[in-house]
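Structure first, commentary second.
Numbering (our numbering), first residue to last: 199 to 383.
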């Protein structure tokens with residue numbers, strides 16, 4: 199009996215650790231009007247990632263809704279050498295297409311679009327009621343972007359975006375602000 203109690207006590211101590219290691223499903227916003235979401239967004243902050251290593255600041259993305267329901271996107275940033283780096287891609291609704299908050303993006307050539315591995319998750323987990331800011335993340339919590347319609351995001355909106363990110367299991371200590379002068383539009 200004593201051995202059973204010790205095992206149960208050990209399991210009870212491990213439960214909080216197990217809960218921390220597994221993330222709950224990522225919560226997305228209820229819906230997104232993609233026509234309102236389209237347009238120019240400035241990156242206010244992000245979790246650093248390898249495909250943006252060259253970006254020293256002024257990160258801007260343009261979304262343009264297509265007639266087929268997909269979204270053309272153009273990412274631009276200023277490099278440390280002062281040049282503008284650009285990447286063009288395509289976004290589509292993920293899965294069965296029922297949620298406008300769950301998108302997939304690809305920057306690979308169209309000929310490779312049949313490969314699942316060239317599509318990355320782009321889930322909208324926070325959105326200002328007036329579409330002035332957004333929080334975008336991935337279910338594995340490796341990627342996160344806080345976006346604003348203006349080069350400078352208000353402090354209150356930024357704090358709300360951080361709350362949403364942290365509430366969805368993103369590590370707030372990894373999020374870094376982006377320097378925006380408005381030059382890479």
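Just so it is clear, CB atoms sit at the ideal spot from N, CA and C, and this is done for glycine as well.
Candidates the options: which alpha carbon is nearest residue i's?
i: residue 287; options: 269, 298, 301 and 371; result: 269
i: residue 329; options: 229, 222 and 296; result: 229
i: residue 320; options: 239, 342 and 308; result: 342
i: residue 272; options: 236, 378 and 375; result: 236
i: residue 233; options: 225, 278 and 263; result: 263
i: residue 370; options: 349, 347, 333 and 348; result: 333
i: residue 240; options: 375, 348, 373 and 222; result: 348
i: residue 222; options: 375, 304, 246 and 364; result: 364
i: residue 377; options: 265, 298 and 344; result: 344
i: residue 274; options: 266, 340, 249 and 331; result: 249
i: residue 366; options: 294, 327, 231 and 336; result: 336
What does the Cβ neighbour count give for residue i, buried or exposed, with the cut at 16 atoms within 10 Å?
i: residue 252; result: exposed
i: residue 219; result: With a pLDDT of 43 at residue 219, under the threshold of 50, the predicted position of this residue should be treated as unreliable, though the coordinate-derived value follows. Exposed: under 16 other Cβ atoms inside 10 Å.
i: residue 301; result: buried
i: residue 311; result: exposed
i: residue 323; result: buried
i: residue 325; result: buried
i: residue 357; result: exposed
i: residue 368; result: buried
i: residue 313; result: exposed
i: residue 338; result: exposed
At what residues does the alpha helix (DSSP H) containing residue i begin and finish?
i: residue 300; result: Counting along the chain, residue 300 falls outside any alpha helix (DSSP H), though it belongs to the beta strand (DSSP E) covering 300-304.
i: residue 277; result: From DSSP, residue 277 is part of no alpha helix (DSSP H) but of the beta strand (DSSP E) over 269-277.
i: residue 313; result: Note, residue 313: premise wrong, no alpha helix (DSSP H); not H, not E.
i: residue 365; result: 353-365
If you follow the beta strand (DSSP E) that residue i is in, where does it begin and where does it stop?
i: residue 222; result: Here residue 222 belongs to no beta strand (DSSP E), and DSSP marks it neither H nor E.
i: residue 261; result: 253-263
i: residue 287; result: 282-291
i: residue 308; result: From DSSP, residue 308 is part of no beta strand (DSSP E); its letter is neither H nor E.
Which residues does DSSP pair with residue i in a beta bridge?
i: residue 243; result: 344 and 375
i: residue 238; result: 260
i: residue 320; result: 301
i: residue 232; result: Its beta-bridge partners do not exist; DSSP assigns none.
i: residue 335; result: 321 and 342
Heavy atom of the ligand COA less than 8 Å from the Cβ of residue i, yes or no?
i: residue 303; result: As presented, the structure is devoid of all ligands, the ligand COA included, so that no description of it is given.
Does the region 258-268 come into contact with the region 352-360, if we say contact requires no fewer than three beta-carbon pairs (one atom in each stretch) closer than 8 Å? no
Any 3 or more C-beta pairs closer than 8 Å across the region 275-284 and the region 307-324: no
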